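Protein chains in written order, with our numbering: chain C, 119 to 231; chain V, 5 to 119.
Here is the structure we will look at, set down as structure tokens.
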Amino acid sequence: KNQVEQSPQSLIILEGKNCTLQCNYTVSPFSNLRWYKQDTGRGPVSLTIMTFSENTKSNGRYTATLDADTKQSSLHITASQLSDSASYICVVSKGAPSDKLIFGTGTRLQVFP
Amino acid sequence: DVKVTQSSRYLVKRTGEKVFLECVQDMDHENMFWYRQDPGLGLRLIYFSYDVKMKEKGDIPEGYSVSREKKERFSLILESASTNQTSMYLCASSRHRVSSYNEQFFGPGTRLTVL
Chain C
119 KNQVEQSPQS LIILEGKNCT LQCNYTVSPF SNLRWYKQDT GRGPVSLTIM TFSENTKSNG
179 RYTATLDADT KQSSLHITAS QLSDSASYIC VVSKGAPSDK LIFGTGTRLQ VFP
Chain V
5 DVKVTQSSRY LVKRTGEKVF LECVQDMDHE NMFWYRQDPG LGLRLIYFSY DVKMKEKGDI
65 PEGYSVSREK KERFSLILES ASTNQTSMYL CASSRHRVSS YNEQFFGPGT RLTVL
């Protein structure tokens, strides 16, 4: 069954601290994996995309890693800011022919001062 | 910047009412999508469209229909709203059909409550 599981479900950290969010998937075939950030009351916005051959991708203070062998990805946030408070959603694309996206249920991150 | 707009941020309707949710994108994208988002379930695809007047069912099309008369506009229709359709509805668009690398750009969402 094609699934994307994220952990933890929720996380609370203090401003300035680092954190890592996890994503495990059982999707096959695999084309690419994206991390989206969804602020409260808004639609998701793409942070990174990684294909099978990429194992790390950065976007500012966000660094995503991918281990295609173990089917795991992580999103590391460095020096967290209050504006990082959001839900982070891992999305895996099955690729041709369906191009179907499989969404994780997200990790809710709260950053406190 | 790509902009995807949805007609309402919040909507309250009664059981049995016909509900229209409108979505407009301004970047000439070919693909448009409707999702619903529920706690603990993630985003689930209702319908999508790769071209004008074209539609395809997603994972949970029951109780919904769609209309795409113009390239920039994709409407979701609840023919007879029910309480289990209370949810956050998200519209998205992306550029070309033949690529799984397409980023989907999302609208702000419509939170629909059916009483």
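Backbone N, C-alpha and C fix where the C-beta goes; we use that ideal spot for every residue, glycine too.
All values reported here derive from a predicted model rather than from experimental measurement.
Less than 9 Å separating the beta-carbons of residue i and residue j?
i: W153(C); j: A182(C); result: yes
i: K155(C); j: A186(C); result: no
i: Q121(C); j: I220(C); result: yes
i: S164(C); j: Q108(V); result: yes
i: L45(V); j: S79(V); result: no
i: V8(V); j: C95(V); result: yes
i: F2(V); j: P162(C); result: A question about residue 2(V) goes unanswered here, because the residues of chain V that appear run from 5 up to 119.
i: E21(V); j: S84(V); result: yes
i: Q228(C); j: L139(C); result: no
If we ignore side chains and look at the alpha-carbon of each, how far apart do residue i and residue j end up?
i: R226(C); j: E123(C); result: 13 Å
i: R77(V); j: Q29(V); result: 7 Å
i: W200(C); j: S97(V); result: Correcting the residue identity first, residue 200(C) is Leu in this sequence and not Trp. When rounded, the distance between both Cα atoms is 29 Å.
i: M31(V); j: D55(V); result: 14 Å
i: M168(C); j: L49(V); result: 22 Å
i: E172(C); j: I131(C); result: 29 Å
i: V209(C); j: L116(V); result: 24 Å
i: S122(V); j: S69(V); result: Within the shown structure, residues of chain V are numbered from 5 to 119, placing residue 122(V) beyond reach of any answer.
i: C137(C); j: I207(C); result: 15 Å
i: G224(C); j: R160(C); result: 14 Å
i: H100(V); j: N106(V); result: 7 Å
i: P231(C); j: L119(V); result: 39 Å
i: F170(C); j: I195(C); result: 22 Å
i: G62(V); j: R72(V); result: 15 Å
Mapping DSSP to helix, strand and coil, what is residue i?
i: N173(C); result: coil
i: L15(V); result: strand
i: L200(C); result: helix
i: N120(C); result: coil
i: T117(V); result: strand
i: N88(V); result: helix
i: H194(C); result: strand
i: Q127(C); result: coil
i: S146(C); result: coil
i: V56(V); result: coil
i: A182(C); result: strand
i: Y68(V); result: coil
i: T138(C); result: strand
i: N106(V); result: coil
i: R160(C); result: coil
i: M31(V); result: coil
i: D63(V); result: coil
i: K22(V); result: coil
i: L165(C); result: strand
i: G46(V); result: strand
Chain V partners of residue i, CB-CB under 7 Å?
i: P162(C); result: F110
i: T223(C); result: G44, L45 and G46
By the criterion of Cβ-Cβ separation under 7 Å, what are the contact partners of residue i in chain C?
i: L94(V); result: G161
Using the beta-carbon of each residue, which ones in chain C are nearer than 9 Å to residue i?
i: E107(V); result: R152, S164 and I167
Using a Cβ cut-off of 8 Å, pull out every chain C residue sitting near residue i, in sequence order please.
i: G113(V); result: G159, R160 and G161
Indicate whether at least one CB of chain D lies closer than 9 Å to the CB of residue i.
i: I130(C); result: Reference to chain D is not applicable here, since the protein chains of this structure are C and V.
With a threshold of 8 Å, establish whether the CB of residue i neighbours any heavy atom of the ligand SAM.
i: G134(C); result: For the ligand SAM, the structure offers nothing, since it holds no ligand at all.
(Q) Does the structure place the segment 134-151 of chain C close enough to the segment 173-191 of chain C that three or more beta carbon pairs sit under 8 Å? (A) yes
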